[in-house]
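Protein chains in written order, with the numbering used here: chain P, 1 to 168; chain F, 1 to 168. From the three backbone atoms N, C-alpha and C, an ideal C-beta is built for every residue, glycine too. Just so we're clear, the structure is a prediction, and the values are computed from it rather than from any experiment. Below: one structure, written as structure tokens.
2 protein chains.
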Amino acid sequence: MASELVSYQVIGVVHSEHKKLEETPIQPIFAPECKGRVEVFPEFADGLRDIELFSHIYLIYHLHAAKETRLLTKPFLQDKVHGVFSTRSPVRPNHIGLSIVKLAGREGNVLLIEGADILDGTPLIDIKPYSKRFDNIPTQRNGWQDEVDDATAWARGRRSYKGSGKAE
Amino acid sequence: MASELVSYQVIGVVHSEHKKLEETPIQPIFAPECKGRVEVFPEFADGLRDIELFSHIYLIYHLHAAKETRLLTKPFLQDKVHGVFSTRSPVRPNHIGLSIVKLAGREGNVLLIEGADILDGTPLIDIKPYSKRFDNIPTQRNGWQDEVDDATAWARGRRSYKGSGKAE
Chain P
1 MASELVSYQV IGVVHSEHKK LEETPIQPIF APECKGRVEV FPEFADGLRD
51 IELFSHIYLI YHLHAAKETR LLTKPFLQDK VHGVFSTRSP VRPNHIGLSI
101 VKLAGREGNV LLIEGADILD GTPLIDIKPY SKRFDNIPTQ RNGWQDEVDD
151 ATAWARGRRS YKGSGKAE
Chain F
1 MASELVSYQV IGVVHSEHKK LEETPIQPIF APECKGRVEV FPEFADGLRD
51 IELFSHIYLI YHLHAAKETR LLTKPFLQDK VHGVFSTRSP VRPNHIGLSI
101 VKLAGREGNV LLIEGADILD GTPLIDIKPY SKRFDNIPTQ RNGWQDEVDD
151 ATAWARGRRS YKGSGKAE
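Listed below in structure tokens is the structure:
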């Protein structure tokens, strides 16, 4: 069972200004001014109908630049070791990335997004609508993340990206 | 490019009371009383360190019972056709499921969850912590979902599951 594999087809590609990992913010909230384009391959474009009516979407993508797996790791936001499943680090066993981005518009098979924290050329494997009903959870316990103040999170979460830090 | 595949290893299995698809609620909010167990295979168990300090987690899993793909589909909650990426339907090109469940505890390599909307025996491919900082987004535009009132959503989202409807 542990050696079982599942395979998914790449359904598109994410285009962004981020060409270097170390200059790529780690989460959309640290990339408010970063615009991107999500190109969905034409054969899947019909699946986008009505998506432009949602303000936010999940992008699920393959972290193609992640070459390594570690079960214990220090997250970007804190100098303490945690289990990788307690973090959003790319060094997880399966290199799957999840971002909630703002959807600014759609041009045919291309989605215009804001909060692009994704390396240019990243293969896309799924898109789901963010739903207030399902996903907006007022959690109180956020583990080690509660130990990180907002200013530290901002400084570390931006990595070495140089931008205005503000959405237009 | 469109025929490119990515492969992931199954890292565990979700155990729940749901043995039949048609009696499985479609989202955790429609399954408050449904408890489940997420078994992470022992070779990945170190990755769980500190996860019990988060109140909620994302489970990313393979919708192994979904055999079909449709780009246009009616979601469970509404009798209108939408693009599949505007829905959370299992009939998407890649059968990837995403649930935000409440984490009630951890026993070694097993996570005790509440809000289990997942078929028993579902292969697990990733776990990520839900973070208020990253994921709690006060959206205002939720597309077609805004047309569905809460009572209708509850009735349809439960499918034919018979339970108390209340967390203990």
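Cβ of residue i within 8 Å of any chain F Cβ
{"i": "THR122(P)", "result": "no"}
{"i": "VAL101(P)", "result": "no"}
{"i": "CYS34(P)", "result": "no"}
{"i": "GLU107(P)", "result": "no"}
{"i": "GLU114(P)", "result": "no"}
{"i": "TYR161(P)", "result": "no"}
{"i": "VAL84(P)", "result": "yes"}
{"i": "LEU5(P)", "result": "yes"}
{"i": "VAL38(P)", "result": "no"}
{"i": "LEU119(P)", "result": "no"}
{"i": "HIS62(P)", "result": "yes"}
{"i": "LYS128(P)", "result": "yes"}
{"i": "ARG141(P)", "result": "yes"}
C-beta atoms of residue i and residue j nearer than 8 Å
{"i": "ILE169(F)", "j": "ILE60(P)", "result": "The requested residue 169(F) is not part of the displayed model; chain F covers only 1 to 168."}
{"i": "LEU119(F)", "j": "LEU21(F)", "result": "yes"}
{"i": "PHE30(F)", "j": "TRP154(F)", "result": "yes"}
{"i": "VAL6(F)", "j": "TYR8(P)", "result": "yes"}
{"i": "ARG159(P)", "j": "ILE11(P)", "result": "no"}
{"i": "ASN136(F)", "j": "PRO138(P)", "result": "yes"}
{"i": "VAL14(F)", "j": "GLY36(F)", "result": "yes"}
{"i": "VAL110(F)", "j": "GLU52(F)", "result": "no"}
{"i": "PRO42(P)", "j": "GLU4(F)", "result": "no"}
Residue-level contact to chain P via CB, residue i, 8 Å cutoff
{"i": "MET1(F)", "result": "Reliability fails at MET1(F), whose pLDDT of 49 lies under 50, so the model's placement of it is uncertain and no value is given."}
{"i": "PRO93(F)", "result": "yes"}
{"i": "THR152(F)", "result": "no"}
{"i": "GLU23(F)", "result": "no"}
{"i": "GLN78(F)", "result": "no"}
{"i": "LEU59(F)", "result": "no"}
{"i": "LYS67(F)", "result": "no"}
{"i": "LEU71(F)", "result": "yes"}
{"i": "PRO90(F)", "result": "no"}
{"i": "ASP135(F)", "result": "yes"}
{"i": "VAL10(F)", "result": "yes"}
{"i": "ASP50(F)", "result": "yes"}
{"i": "ASP149(F)", "result": "no"}
{"i": "HIS56(F)", "result": "yes"}
Whole-number beta carbon distance between residue j and residue i, since they are thought to touch under 8 Å
{"i": "THR73(P)", "j": "SER89(P)", "result": "5 Å"}
{"i": "HIS56(P)", "j": "ILE100(P)", "result": "6 Å"}
{"i": "LEU112(F)", "j": "GLY105(F)", "result": "4 Å"}
{"i": "ASP146(F)", "j": "LEU71(P)", "result": "Between LEU71(P) and ASP146(F) the Cβ distance is about 41 Å, and since that is not below 8 Å, they are no contact."}
Best match in the options for proximity to residue i [C-alpha to C-alpha]
{"i": "TYR161(P)", "options": "LEU48(P), VAL148(P), GLY36(P), GLU17(P)", "result": "GLU17(P)"}
{"i": "LYS132(P)", "options": "GLU114(F), ARG141(F), VAL40(F)", "result": "ARG141(F)"}
{"i": "GLU33(F)", "options": "ASP150(F), ALA116(F), THR152(F), PRO123(F)", "result": "ALA116(F)"}
{"i": "LYS19(P)", "options": "LYS166(P), HIS64(P), PRO75(P), GLU168(P)", "result": "HIS64(P)"}
{"i": "LEU77(P)", "options": "ALA167(P), GLY165(P), VAL40(P), ARG156(P)", "result": "ARG156(P)"}
{"i": "HIS82(F)", "options": "LEU48(P), GLU23(P), ALA151(P)", "result": "LEU48(P)"}
{"i": "GLY108(P)", "options": "GLU23(P), PHE44(P), LYS166(P)", "result": "PHE44(P)"}
6 Å Cβ shell around residue i - same chain, five flanking residues per side excluded
{"i": "MET1(F)", "result": "Interpretation of MET1(F) is limited by its pLDDT of 49, a score under 50 that renders its predicted location unreliable; no figure is taken from the coordinates."}
{"i": "ARG92(P)", "result": "VAL84"}
{"i": "THR24(F)", "result": "HIS18, LEU119"}
Other residues of its chain near residue i: CB distance less than 7 Å, five sequence neighbours each side excluded
{"i": "PHE54(F)", "result": "LEU103, PRO129, TYR130"}
{"i": "PRO28(F)", "result": "SER99, ILE100, VAL101, GLY115, ASP117"}
{"i": "LYS80(F)", "result": "LYS74, TRP144"}
{"i": "THR87(F)", "result": "THR73, PRO75"}
{"i": "SER164(F)", "result": "GLU33"}
{"i": "ALA66(F)", "result": "PRO90, VAL91, HIS95"}
{"i": "ASP149(P)", "result": "none"}
{"i": "ASP50(F)", "result": "none"}
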